Amino acid sequence: MSQTNLNLPLITLVGPPNSGKTTLFNYLSGKKYKTVNYPGSTIEYSITKFLDRFEIGGNLMDSPGIVSMVPNSPDEEVTISNLYDHPVYGKPAVLVVTVDVSQFSRHLLLVKQILECGFRVIVALTMNDILEGKKFTVKETELAKRLKCKVVKINPRTGYGIDKLIEYVKEETAISNLSTAVAKEFEDESIIKIYKEIEEIENNVIERNDQTNLEKANESLQIKGQTSALNKPDELTLKIDSLLLHKYWGLITFATVMGLLFASIFWIASPLMDLVDSLFQSLSSLVVSGHEHNWFTDLVSSGIIGGTGAVLVFLPQIIMLFFILGLLEDSGYLARGAMLIDKPLSKLGLNGRSFVPMLSGFACAIPAIMAARTITNKKERLLTIFIIPLMSCSARLPVYGLLLSFLLPGKFLLSGIILSLIYLFGILSSFVISVIINKYQKVFLKAEDNSSFIMELPVYRIPKLKNVLNNTYNNAIQYVKKAGPIILVFSILIWALTYFPNNNPVVPNEENLNTEQIQELIDSDRIANSYASEIGKFIEPVMKPIGLDWRVGVSLIATFAAREVFVSSLALMFKITGEGDNINESLVNAMREAKYGGTGRPLFTTATTIGLIVFFVFALQCISTIAITRKETGGWRIPILQIVFYSGIAYLFTFLTVNGLNLLGIS
Amino acid sequence: MKLSDLHSGQTAKITKIDLLHPSSFRVLEYGFTPGQEIKLINRSFFNDPLAVSLRGTLIAIRKNDAECIDVTL
Chain A
1 MSQTNLNLPL
11 ITLVGPPNSG
21 KTTLFNYLSG
31 KKYKTVNYPG
41 STIEYSITKF
51 LDRFEIGGNL
61 MDSPGIVSMV
71 PNSPDEEVTI
81 SNLYDHPVYG
91 KPAVLVVTVD
101 VSQFSRHLLL
111 VKQILECGFR
121 VIVALTMNDI
131 LEGKKFTVKE
141 TELAKRLKCK
151 VVKINPRTGY
161 GIDKLIEYVK
171 EETAISNLST
181 AVAKEFEDES
191 IIKIYKEIEE
201 IENNVIERND
211 QTNLEKANES
221 LQIKGQTSAL
231 NKPDELTLKI
241 DSLLLHKYWG
251 LITFATVMGL
261 LFASIFWIAS
271 PLMDLVDSLF
281 QSLSSLVVSG
291 HEHNWFTDLV
301 SSGIIGGTGA
311 VLVFLPQIIM
321 LFFILGLLED
331 SGYLARGAML
341 IDKPLSKLGL
351 NGRSFVPMLS
361 GFACAIPAIM
371 AARTITNKKE
381 RLLTIFIIPL
391 MSCSARLPVY
401 GLLLSFLLPG
411 KFLLSGIILS
421 LIYLFGILSS
431 FVISVIINKY
441 QKVFLKAEDN
451 SSFIMELPVY
461 RIPKLKNVLN
471 NTYNNAIQYV
481 KKAGPIILVF
491 SILIWALTYF
501 PNNNPVVPNE
511 ENLNTEQIQE
521 LIDSDRIANS
531 YASEIGKFIE
541 PVMKPIGLDW
551 RVGVSLIATF
561 AAREVFVSSL
571 ALMFKITGEG
581 DNINESLVNA
591 MREAKYGGTG
601 RPLFTTATTI
611 GLIVFFVFAL
621 QCISTIAITR
631 KETGGWRIPI
641 LQIVFYSGIA
651 YLFTFLTVNG
661 LNLLGIS
Chain B
1001 MKLSDLHSGQ
1011 TAKITKIDLL
1021 HPSSFRVLEY
1031 GFTPGQEIKL
1041 INRSFFNDPL
1051 AVSLRGTLIA
1061 IRKNDAECID
1071 VTL
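Sequence lines, in order, name chains A and B. Under the working numbering, think of the first position of the first sequence as 1, with each following residue one higher. Under the working numbering, think of the first position of the second sequence as 1001, with each following residue one higher.
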């Protein structure tokens, strides 16, 4: 980030997952990072400067949540070593450690370890209202005395206590700019010893706030009574969980929640998608009408507007998915989902922690693959990353949408059901592939590890609509920013490949042709002699066995930029001018007219269209996914394996589908 | 007895953590230490994982990981 200055002292926020760390970071920096009620939602370091009003000359860093200073995975190893000395930002002046007081003893473990390592520490106590709801309160000064560091109660949602925290930060950074902490080993016994010390502290710094002094005096004689009352989990959460984690009801609710999630993506978003679609269509015809037909109007209407439309048309669906996922995350339910599905997933070689990454995969594989960092076991993490591309991401929706409206024109309900079946097919395939890869893990993944599942189930809370909307908005913007330029560039590139070099073909000017027919002749002559067709001739032998031609082949290659490019690319290949109708409808009509390489045989038949759907279920056509997999797995092995594996399966299954259907008499 | 032998709703006290178990360190870090009171809240559909209440927090733990936790009623 440009505003940060490396010469300024570094203040790092550290804390267990879900301890209010990112909320504090957002309050101090004025940024709006994602904060959710799911363990491990911060997966990367974020760095920024403090808001000006705090008048601190320093950099503020947020770190991924950790339970202890002993790494449990390669990523935690990096996280923890970065606390000591960050490769870019260097050593911190002070660590601000957040402690959720409703989980006082568990969160104090990290504080004690960090202190033992020799860091300068300020302890920020969060969630004090929850503890007070249980009629307890923490004595700040007593805790500070026992820990020998500064302690402050804060509420990063309201700003309570922040001024004091800032004052402490200024005092600490004035003493020293660089930490002298050194890494320390912690054994089983030392954890037990630290917890013993913590229990001693707990008994002395937490007091009931609804008692008379006499009662307090009595209670101090029987400390046990107090701690057991303190260690009662949230009542409401227990009540809700008696239903949501119930042996049978829990499973039924889980299935219902998942069903509703996907149903709403299909049915609520579809009218919005039509709206965006027709908007771009009228924009495109607006450019074409009233202007001379030349390369420039063609570039604007087909290349630019058509390309942008292809990106934005499925935005409603992405927004819907992020919104509902956000609600589920913020409520605390996703952690329960992870628990409920751990057993079946473990049979496949995965983990309950694979659940959230897999679910995010239905929006986009890129954040999903990054979210797999929360899986501590290396084999399970690699396996999760391996199968995430089979979760039908939102970029495949416009493709399925197009192919289904070709197959089942006007039958929206049936299309919806088939679409759900395609999703299910993808999920089931991922299970089968997971079992296969897991069986030969020594060949494919080269990682073995002790499989384990221990996860905190956060307290239920009503999702903060403002937060969820904010995150949804950020995700959607990020998505458009990331996918948009690529799609636009490729759209223009494909437009150029189909338009040049034969950009001004001469067609015989016969008298019985009207201008529209002449235009069609010009278009088809231009594309038949274009660069795209040159490339297409190379692919033709590969496309022939699956009943498709070079035009589809070129579109499939273009999808490596992003899958949704397929729609705009097909539109360009089959030259849709589409006056009046929306892109999909006119493209569907053009697909009906398309003939196989000069013969009278239709190109898009029931068989080849179903074949294409099968192809899109398996094929890994996304450069960004390949790039992020390389980064997250630390090498080319897994992404190359994926490309070979999934391309092979996609081609084989498409071949079998098309030819199998042909044998059955379905052309 | 083992933690996984408890019935739903039963409260027990942790007596010992088997330090030879590969998950023992993680289990300790999460606060499963000898002397702590622990309550089995629920079991999942497949009897696994278990949801337990410990130190004021609900924690989901796989039966396999819970194997290293000895408890007494």
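Ideal placement from N, C-alpha and C gives every residue a C-beta, glycine not left out. Everything numeric in this text was worked out from a predicted model, so none of it was measured.
Practice problem: Measure the beta-carbon distance from B/L1028 to B/V1071 and round it to whole angstroms, keeping in mind my assumption that it falls under 8 Å. | Solution: Not confirmed; about 15 Å, so no contact.
Quiz item: What is the DSSP secondary structure of A/G635, counted as helix, strand or coil?
Solution: coil
Quiz prompt | Selection from A/M455, A/S29, A/N438, A/E189 that minimises the alpha carbon distance to A/D449 | solution = A/N438
Quiz prompt | Limits of the unbroken beta strand (DSSP E) element including A/M683 | solution = Given a span of 1 to 667 for chain A in the structure shown, any question on residue 683 of chain A remains unanswerable.
Practice problem: List the endpoints of the continuous beta strand (DSSP E) containing A/N59. | Solution: 59-62
Exercise. Count the other C-beta atoms from every protein chain shown that fall within 10 angstroms of the C-beta of A/F604, then say buried if there are 16 or more, exposed otherwise.
Key: buried
Practice problem: Work out the CA separation of A/E189 and B/P1034 for me, nearest whole Å. | Solution: 11 Å
Quiz item: When the cut-off is 8 Å and only beta carbons count, does B/E1037 lie next to chain A?
Solution: yes
Self-check item: Where the beta strand (DSSP E) through A/R208 begins and ends
Solution: 206-208
Exercise. Assign A/K247 to one of three DSSP states: helix, strand, or coil.
Key: coil
Quiz prompt | Sequence-distant residues of its chain with Cβ nearer than 7 Å to B/R1043 (five each side left out) | solution = S1008, L1050
Quiz item: Of the choices A/F431, A/I418, A/L408, whose alpha-carbon is the least far from that of A/I388?
Solution: A/F431
Quiz item: Would you call the CB atoms of A/V205 and A/K134 closer than 8 Å?
Solution: no
Quiz item: CA-CA distance, A/I385 and A/T629?
Solution: 7 Å
Practice problem: Note down, in chain order, each residue of its chain lying with its Cβ closer than 8 Å to the Cβ of A/T608, except the 5 sequence neighbours on either side. | Solution: I546, G547, L548, V658
Exercise. Return yes when the Cβ of A/L110 is within less than 8 Å of the Cβ of A/V97, no when it is not.
Key: yes
Exercise. Out of A/I319, A/V288, A/P316, state which residue places its alpha-carbon closest to the alpha-carbon of A/I304.
Key: A/V288
Practice problem: Could you confirm whether any beta carbon from chain A is found closer than 8 Å to the beta carbon of B/S1004? | Solution: no
Quiz item: Is it buried or exposed for A/N59, if we count other Cβ within 10 angstroms and need 16 for buried?
Solution: buried
Quiz item: What are the residues of the stretch 149-161 of chain A that lie near chain B, defined by any Cβ-Cβ distance shorter than 8 Å?
Solution: none
Self-check item: Within 8 Å, strictly: CB atoms of A/N26 and B/R1055
Solution: no
Quiz item: Quick one: what's got a C-beta closer than 8 Å to A/I462's C-beta in the same chain, skipping five residues either side?
Solution: S331
Quiz item: What's the C-alpha gap between A/A70 and A/N377?
Solution: Per the sequence shown, residue 70 of chain A should be read as Val rather than Ala. Their backbone Cα atoms lie some 15 Å apart in a straight line.
Exercise. Using a Cβ-Cβ cut-off of 8 Å, state whether B/E956 counts as contacting chain A.
Key: Nothing can be reported for residue 956 of chain B: it is not among the residues displayed for chain B, which extend from 1001 to 1073.
Practice problem: Kindly indicate which residue of A/L572, A/R563, A/F560, A/A255 has the alpha-carbon position closest to the one of A/R551. | Solution: A/L572
Exercise. Please report the residue range of the beta strand (DSSP E) in which A/V88 lies.
Key: Note, A/V88: premise wrong, no beta strand (DSSP E); not H, not E.
Exercise. Have a look at A/P541, A/V542, A/M543, A/V554 and flag the residue whose alpha-carbon is nearest the alpha-carbon of A/A528.
Key: A/V554
Exercise. Would you please verify whether the beta carbon of A/I223 is less than 8 Å from any beta carbon of chain B?
Key: With a pLDDT of 49 at A/I223, under the threshold of 50, the predicted position of this residue should be treated as unreliable, and no value is reported.
Self-check item: 7 Å CB neighbourhood of A/S242 in its chain, flanking five on each side removed
Solution: none
Practice problem: Taking only beta-carbon positions, decide if B/T1033 is within less than 8 Å of chain A. | Solution: yes
Self-check item: Per-residue contacts from B/L1019 into chain A (C-beta, under 9 Å)
Solution: D188, E189
Exercise. Verify whether the separation of the beta carbon atoms of A/I494 and A/A558 is less than 8 Å.
Key: yes
Practice problem: Reducing DSSP to helix, strand and coil, say where A/K139 ends up. | Solution: coil
Self-check item: Burial state of A/P16, where buried means 16 or more other Cβ atoms lie within 10 Å
Solution: buried
Quiz prompt | Proximal residues of chain B, C-beta to C-beta of A/I192 below 9 Å | solution = I1017, L1028, T1033, P1034
Quiz item: First and last residue of the beta strand (DSSP E) that includes B/N1042?
Solution: 1037-1043
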